[in-house]
């Protein structure tokens, strides 16, 4: 019997979209041995030389000119990509998509980024008969996600569902599943001491700081202010691929302390979250959802106008995090961590168990049901 094939398409504009695709892939394969999956960042697959340059330019624009990005986001907020833009995407970046689909012969296509969603929707209007499932990986519903050729929408919240309905998407094809995260984030560690030993950490209040490639390292005041607590609080700085900044900080006497870790790119964020008590991060949809699964409270810095503002609003409204308004916000939460550490640990464990009740594979199960 032939295995069902699911092709998951994403793009590299931030890692969250592709992480969601991989999370779905793992979830589907755990649910059934009769499913084969393939994850592709479509633009990077077709243009491996040009794509990294485009992604780098995008990152620089977002971090250096957030107001401009926010203006463009809001201008296009209720609009799908127009026919000319869709055609340009297809001709310039995605011209071989039909051939790739023909070669891989998927039974379903799942898109976790708007650009491949636009391209596959265009191919469906030209005769492609493969079902298309779109997974919206933010806590907002930007117009570029929406296309009448989509057969199924999986969304993060009821609010996003209502926004889609308000823009003409039939309620019958929308399902609220939450944003998919890798199943590892749903598994509480049975031995935190072993994890701490692996990272060279002590059993004491610990703060995880993420987002080195997306603006944190430019906020010298913030990272230095947090480092003043290094005698009492362990600080783990995750700087991603920004090796230049990591080396600079390693040679700074302020960060040469046994309670400070300066990490580059790592695939062990789930384990680092497990041994941390507080997360300081940009409010990206994927990172925040991973932290929510781990039950870890969050402090948000510098939300980018657009989807990060919407993500930030959602998590603060739900009581999962707080926006850093000034250094006083950091001081308050760090002192609270020190003064109420046992309560932090207790509440963290309770939150983690509450999240487990929703189940780690809701999104994958919804896709499996649609596939069958």
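In my numbering, the protein residues as written are 6 to 377.
Glycine included, C-beta positions come from ideal geometry on N, C-alpha and C.
These figures come from a predicted structure and were not determined experimentally.
Through-space distance from residue j to residue i, alpha-carbon basis
i           : j           : result
residue 272 : residue 343 : 28 Å
residue 122 : residue 43  : 16 Å
residue 267 : residue 170 : 45 Å
residue 186 : residue 24  : 7 Å
residue 335 : residue 156 : 45 Å
residue 114 : residue 160 : 16 Å
residue 224 : residue 245 : 16 Å
residue 29  : residue 104 : 24 Å
residue 13  : residue 317 : 27 Å
residue 300 : residue 227 : 24 Å
residue 332 : residue 158 : 40 Å
residue 295 : residue 193 : 12 Å
residue 135 : residue 175 : 19 Å
residue 230 : residue 26  : 36 Å
residue 40  : residue 117 : 19 Å
Residue closest to residue i, alpha-carbon to alpha-carbon, out of the options
i           : options            : result
residue 351 : 250, 108, 154, 210 : 210
residue 106 : 312, 231, 157, 11  : 11
residue 140 : 322, 236, 234, 182 : 182
residue 289 : 303, 280, 276, 158 : 303
residue 281 : 231, 148, 349      : 349
residue 279 : 178, 208, 320, 261 : 208
residue 322 : 229, 162, 195      : 162
residue 276 : 258, 249, 199, 147 : 199
residue 124 : 239, 251, 368, 48  : 48
Residues that residue i bridges to, as DSSP identifies them
i           : result
residue 180 : 159
residue 127 : According to DSSP, residue 127 bridges with nothing at all.
residue 44  : 13
residue 114 : 12, 137
The ligand ZN heavy atom lying under 7 Å from the CB of residue i
i           : result
residue 332 : The ligand ZN is not part of this structure, which contains no ligands at all.
Contact check, residue i vs residue j, beta carbons under 8 Å
i           : j           : result
residue 152 : residue 126 : yes
residue 213 : residue 243 : yes
residue 373 : residue 36  : yes
residue 298 : residue 191 : yes
residue 312 : residue 167 : no
residue 287 : residue 306 : yes
residue 320 : residue 234 : no
residue 112 : residue 376 : yes
residue 283 : residue 215 : no
residue 240 : residue 274 : no
Buried versus exposed, by CB contacts within 10 Å (16 or more), residue i
i           : result
residue 355 : exposed
residue 8   : exposed
residue 45  : buried
residue 380 : Lying outside 6 to 377, the shown extent of the chain, residue 380 is not represented and no answer is given.
residue 291 : buried
residue 314 : buried
residue 109 : exposed
residue 119 : buried
residue 130 : exposed
residue 325 : buried
residue 308 : buried
residue 203 : exposed
residue 32  : buried
residue 358 : exposed
residue 21  : buried
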